[in-house]
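Presented below is the structure to which this report refers.
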Amino acid sequence: MRKILVVDDDDMNLKMAEFILKKDMKDIEVILAESGLKAIDALQRGKVDLVLLDFQMPVMNGLKTLELIRKREDLKDIPVIFLTASSDRDTVMKAGMMGVSDYIKKPFMPKDLIDRVSKVLNKG
Numbered sequence: 109m110r111k112i113l114v115v116d117d118d119d120m121n122l123k124m125a126e127f128i129l130k131k132d133m134k135d136i137e138v139i140l141a142e143s144g145l146k147a148i149d150a151l152q153r154g155k156v157d158l159v160l161l162d163f164q165m166p167v168m169n170g171l172k173t174l175e176l177i178r179k180r181e182d183l184k185d186i187p188v189i190f191l192t193a194s195s196d197r198d199t200v201m202k203a204g205m206m207g208v209s210d211y212i213k214k215p216f217m218p219k220d221l222i223d224r225v226s227k228v229l230n231k232g
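Shown next as structure tokens:
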């Protein structure tokens with residue numbers, strides 16, 4: 109069973125992603141975190157195969173969360189897909205340099221989410 113950690117400060121986005129992933133993908137466990145700090149905590153508690161990470165969050169945004177993930181030897185190779193409403197070039201470039209696997213524009217379409225998640229999971 110593969111595990112996907114979904115990180116977003118918006119409860120509706122978390123529930124929507126969880127619903128779509130569980131409905132359309134087999135052998136998937138979805139873990140939800142409402143902040144970057146909770147995401148790091150969840151990552152420390154067990155193996156995760158993919159992180160879907162919201163970019164714009166209070167306290168610790170997605171870029172800072174990604175930075176912490178990449179600094180840790182035990183977490184640095186986990187694929188991360190950014191969920192973002194922003195298409196700011198600087199953000200996209202910074203995330204790309206930090207090894208983000210893909211971007212999903214919010215609001216996301218179910219087929220787009222499943223296609224991109226499947227593509228990243230099937231690389232490994």
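The opening residue of the sequence shown carries number 109 in our numbering; numbering runs sequentially from there.
Backbone N, C-alpha and C define an ideal beta-carbon position, used for all residues, glycine too.
Assigned exposure category for residue i - 16 Cβ within 10 Å defines buried
| i | result |
| --- | --- |
| M201 | exposed |
| M217 | exposed |
| V208 | buried |
| M165 | buried |
| G144 | buried |
Residue from the options whose Cα sits closest to the Cα of residue i
| i | options | result |
| --- | --- | --- |
| A141 | S226, L176, N121 and T199 | N121 |
| L158 | K213, P215, L221 and R110 | R110 |
| F190 | I136, E137 and V225 | V225 |
| D118 | L151, F163 and M133 | F163 |
| N169 | L229, R153 and K146 | K146 |
Whole-number beta carbon distance between residue j and residue i, since they are thought to touch under 8 angstroms
| i | j | result |
| --- | --- | --- |
| L317 | V156 | Within the shown structure, residues of the chain are numbered from 109 to 232, placing residue 317 beyond reach of any answer. |
| V115 | L171 | Between L171 and V115 the Cβ distance is about 12 angstroms, and since that is not below 8 angstroms, they are no contact. |
| I222 | I128 | 7 angstroms |
| K214 | A193 | 5 angstroms |
| I139 | A150 | 6 angstroms |
| L176 | I212 | No, L176 and I212 are not in contact; Cβ-Cβ is about 21 angstroms, not under 8 angstroms. |
Beta strand (DSSP E) segments (min. 3 residues) lying fully within the stretch 172-203:
188-192
Quick one: which unbroken beta strand (DSSP E) runs of 3-plus residues sit fully inside the stretch 142-175? Chain order, please.
158-162
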